[in-house]
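Colleague: Below is a structure I'd like to ask you about.
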């Protein structure tokens, strides 16, 4: 376990030695003695926080709602700086799920969260309690990651997949770092715009235009954390100018780019998800020949 120190924040961080058996799953383990008002920055993934320690994290939103213990948040949750986490003696496994596999793993679509943070127990019932107990019974972080991975793989195999056209569209957006023109996505998969927008949101949890903006923001925000200047980040990330980047960062986080550049939620990624800068998901192509169901297949990275 490595130590992450950022201003007053001191966290223990563990990483799996092997990648998940399920494409689109990444994990990290956290041990935090005093988690004090951590801003949850919107991220283009579904986030599971599975706690098992003596303490318990608390997630607060702008509406005054609170969730304690293990929670799930859909892609983009936290926009406007509306979601904060806190707690004492927190131990947890955090899982990031690509929206492409989230419906299968969770048993419901991320769209059903309606932008809120929900209790994992509300989705998984007793299974949420059982995995918490099993995680607390083992002392090795690698064993904990193995337990979580086996559970996620089993649920993924049993759950309903998303439409292959949607998987292709999502990977196209992520692969371009949010520079894809959403107007062309429907034509490229052979669907009407209305059909793509409706199914994209219902199965992945957000509309395509929002997905593009979120992926672009995530890329830009991590470059700000890495110390790059806002003007250069704006130009390289596809923003019209630095003011455009400023407005987008404010809309997603409720904070300025300077403040976001110092956010522990983002800064810890270099330790917790050290491979985030490399493609973690397979590229896909879609067979669009007339009369044949589109087929997703892996292509070399």
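Residue numbers (my numbering): 1 to 301. For glycine and all other residues, C-beta sits at the position ideal for the given N, C-alpha and C. Please read all numbers here as calculations on a predicted model, not as lab measurements.
Any contact of the segment 99–118 with the segment 67–83, i.e. 3+ C-beta pairs under 8 Å?
Modeller: Judged by Cβ distances under 8 Å, the segment 99–118 makes contact with the segment 67–83, as three or more pairs qualify.
Colleague: With respect to the alpha helix (DSSP H) encompassing residue 191, which residues constitute its N-terminal and C-terminal limits?
Modeller: Position 191 of the chain shown, counted from the first residue, corresponds to residue 191. Premise fails: residue 191 is in no alpha helix (DSSP H) and is neither H nor E.
Colleague: How is residue 90 classed by DSSP in three states: helix, strand or coil?
Modeller: Counting from 1 along the chain shown, the entry for residue 90 is found at position 90. Here residue 90 sits in strand by DSSP.
Colleague: Considering only the alpha carbon of each residue, which of 103, 193, 105 and 138 lies closest to residue 92?
Modeller: For the purposes of this step, residue 92 is taken as the residue at position 92 of the chain shown. Ranking 103, 193, 105 and 138 by Cα distance to residue 92 puts 138 first.
Colleague: Please confirm if the segment 187–199 is in contact with the segment 99–112, defined as three or more CB-CB distances below 8 Å between the two stretches.
Modeller: Judged by Cβ distances under 8 Å, the segment 187–199 makes no contact with the segment 99–112, as fewer than three pairs qualify.
Colleague: Would the segment 168–183 count as touching the segment 142–154 if we require 3 or more Cβ pairs under 8 Å?
Modeller: Too few Cβ pairs lie closer than 8 Å, so no.
Colleague: For residue 30, which option in 90, 81 and 193 has the closest C-alpha, if you only look at C-alpha atoms?
Modeller: One-based indexing of the chain shown puts residue 30 at position 30. Here the closest residue by C-alpha is 90.
Colleague: Leaving out five residues on either side along the sequence, give the residues of the same chain with a beta carbon under 7 Å from the beta carbon of residue 153.
Modeller: Here residue 153 is taken as the residue at index 153 of the chain shown, counted from 1. If we look at residue 153 and ignore the five residues flanking it on each side, its Cβ neighbours are 21 and 22.
Colleague: Assuming residue 209 and residue 249 make a contact with CB atoms under 8 Å, what is their CB distance in whole Å?
Modeller: The residue given as residue 209 occupies position 209 in the chain shown. The residue given as residue 249 occupies position 249 in the chain shown. With 8 Å as the limit, residue 209 and residue 249 do not qualify as a contact, their Cβ atoms being about 18 Å apart.
Colleague: Is DSSP giving residue 148 helix, strand or coil here?
Modeller: As a first step, residue 148 must be located in the chain shown, where it is residue number 148. If DSSP states are grouped into helix, strand and coil, residue 148 belongs with the helices.
Colleague: Determine, using beta-carbon pairs with one atom in the segment 215–226 and one in the segment 184–194, whether at least three such pairs fall under 8 Å.
Modeller: Short answer: they don't touch.
Colleague: Which whole-angstrom value describes the C-beta separation of residue 57 and residue 85, a residue pair presumed to lie in contact below a C-beta threshold of 8 Å?
Modeller: As a position in the chain shown, residue 57 is number 57, starting the count at 1. As a position in the chain shown, residue 85 is number 85, starting the count at 1. 6 Å between Cβ atoms; contact.
Colleague: In angstroms, rounded to a whole number, what distance separates the CA positions of residue 54 and residue 79?
Modeller: On the chain shown, position 54 is the one that residue 54 refers to. On the chain shown, position 79 is the one that residue 79 refers to. Approximately 30 Å between the Cα atoms of the pair.
Colleague: Pull the bridge partners of residue 6 from the DSSP assignment, please.
Modeller: Mapped onto the chain shown, residue 6 falls at position 6. DSSP lists 9 as partners of residue 6.
Colleague: Check whether the Cβ atoms of residue 264 and residue 11 sit closer than 9 Å, and answer yes or no.
Modeller: Numbered from 1 along the chain shown, position 264 holds the residue referred to as residue 264. Numbered from 1 along the chain shown, position 11 holds the residue referred to as residue 11. A contact, by the Cβ cut-off of 9 Å.
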